[in-house]
Structures are given as structure tokens and as C-alpha cells.
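**Q** Let me begin by handing over the structure; questions about it come next.
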Amino acid sequence: MPDKHYVLTMARYNMWQNQSLLAAAGDLDETALEQDRGAFFGSIRRTLSHLYWADQLWLSRFAQTPPPTVGGKDSVNSVKDWSQFPDERAALDQSILDWAHKVTPDWFEGSLKWTSVILNGEQVTLRRTLVLGFFNHQTHHRGQIHAMLTAAGAMPEDTDIILLPERFAAM
Numbered sequence: 002m003p004d005k006h007y008v009l010t011m012a013r014y015n016m017w018q019n020q021s022l023l024a025a026a027g028d029l030d031e032t033a034l035e036q037d038r039g040a041f042f043g044s045i046r047r048t049l050s051h052l053y054w055a056d057q058l059w060l061s062r063f064a065q066t067p068p069p070t071v072g073g074k075d076s077v078n079s080v081k082d083w084s085q086f087p088d089e090r091a092a093l094d095q096s097i098l099d100w101a102h103k104v105t106p107d108w109f110e111g112s113l114k115w116t117s118v119i120l121n122g123e124q125v126t127l128r129r130t131l132v133l134g135f136f137n138h139q140t141h142h143r144g145q146i147h148a149m150l151t152a153a154g155a156m157p158e159d160t161d162i163i164l165l166p167e168r169f170a171a172m
């Protein structure tokens, strides 16, 4: 059952892993980042873009932050300026961590009404279920990105949550 400890831990883990992936991606050229590697969204950049888009979308639902400026079909192209992306990703990760610090125990007891294009309309889902999905989605796509980076010869950090560096655990 997710609670405040869970969301804080996962927000910190999310921040660490995104920094690791972007540092590793920084060692690759444009061709390597754009190459179709057989993952669901094809390339490293398209998957990074989709993940950024989805995190914006769910945070907007959880914390009333601005939603993405494009729809789901364009999620793989939602990042317009890759030179700014590391800073934008870091800012979004900080917003996720800020939300995690503010969430209260009773927040997990309620439901959230949200709209899904994929599910054709309005949905009502327990917040605790949506939070699990939010962090699971991140882990799923970061695993794909990690595999693509490794295949391209880059070296992201380990992904085991028990290795979360102290600098993140203290945030």
C-alpha cells in the first residue's frame, strides 16, 4: 500500500535514475540517441520524451501543475529543445519530490476523477492505485532506456533502489 514514505522514496529514486540516464546519454551522439533500437517507442530520445510527457501529465492530475502542451500521440516528440532537456527534467523531478513532501496520509484514501483518451473517457480510480502506476510507469520506461544506453555503449549507474545515494536519500 503506497504511503508518504513510498512516494518520497520513489520520487528520490526517480530523480537519481533520471540524472544517471541523462549523464550516460550525454556521452552519445545524435545518431545514437535517435537510432531505433527496437524498444516500444524506438529510440532513446523518443522514450525519454514519452516518459517526460507522462510524468507531466500525472503530476498535473495529482498536484494541479501545468499539463503537457501536446497530446499522447505526440508524447514521443514532446521535448522540443534537447539542449534544455536536462534542466527541464531536473525541474520536473524536483516538482515530483516537492509534491511527495506535501502529500498527506489522507490523500491516499480518496479517488481521482481523470480523463483518458486511451480508455475513452472519464475514469475514477483510487489515488493509491494511480500512484503505484505512476512510479511503475517510470521504472518500466527507464529500464528500456537503460538497456538502449547500454547497447549503445553508454554506462548508466546501477538501478537497484538499495543503492540510492545518500545525497538523494536526504532530500
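Read the sequence shown against this note's numbering and you will find it ends at 172, with the numbers running on by one and no gaps. Cβ coordinates follow ideal geometry from the N, Cα and C atoms, glycine included.
1) Is the Cβ of Lys-103 closer than 9 Å to any Cβ of chain B?
2) Just reading off the alpha helix (DSSP H) that Val-104 is part of, what are its end residues?
3) Count the other C-beta atoms from every protein chain shown that fall within 10 angstroms of the C-beta of Gln-85, then say buried if there are 16 or more, exposed otherwise.
4) Nearest to Ile-97 by alpha carbon, out of Asp-4, Met-2, His-6 and Asn-15?
5) Give the secondary structure of Asp-154 by DSSP, where H, G and I count as helix, E and B as strand, and everything else as coil.
6) Under three-state DSSP, which class holds Lys-81?
7) What are the start and end residues of the beta strand (DSSP E) that includes Glu-123?
8) Would you give the residue range spanned by the alpha helix (DSSP H) that Leu-60 belongs to?
9) For Gly-122, collect the residues of the same chain with a Cβ closer than 7 Å to its Cβ; drop the 5 residues on either side in sequence, then sort them by chain order.
10) Quick one: grab the DSSP three-state call for Leu-98.
11) Ile-146: buried (16+ other C-beta within 10 angstroms of its C-beta) or exposed?
12) Do you know whose CA, among Pro-3, Ser-44, Met-11 and Glu-167, lies nearest Ala-152's CA?
13) Can you tell me whether DSSP reads Ala-175 as helix, strand or coil?
14) Please state whether DSSP places Leu-165 in a helix, a strand or coil.
15) What is the DSSP secondary structure of Thr-10, counted as helix, strand or coil?
16) Should Phe-63 go down as buried or exposed, given a rule of 16 or more other Cβ atoms within 10 Å for buried?
17) By DSSP's criteria, Leu-113 is part of a beta bridge. Which residues make up the other side?
18) State the CB to CB distance for the pair Gln-139 and Asp-56, rounded to an integer number of angstroms; the pair is presumed to be in contact (CB under 8 Å).
**A** In short, the structure shows the following:
1) The chain labelled as chain B is not found in the depicted structure, where only one protein chain is given.
2) Run containing Val-104: none; DSSP gives neither H nor E here.
3) Gln-85 sits exposed, since fewer than 16 C-beta atoms from the chains shown fall within 10 Å of its C-beta.
4) Asn-15
5) A quick correction: the sequence has Gly, not Asp, at residue 154. Gly-154 falls in the coil class under three-state DSSP.
6) coil
7) Looking at the DSSP string, the run of the beta strand (DSSP E) that includes Glu-123 is 122 to 127.
8) 45 to 64
9) Cβ within range, chain order: Thr-116.
10) helix
11) That one is buried.
12) Ser-44
13) Outside the shown range of the chain (2 to 172) lies residue 175, about which nothing can therefore be said.
14) coil
15) helix
16) Within a 10 Å sphere around the beta-carbon of Phe-63 sit 16 or more other beta-carbons, which makes this residue buried.
17) Thr-126
18) 7 Å
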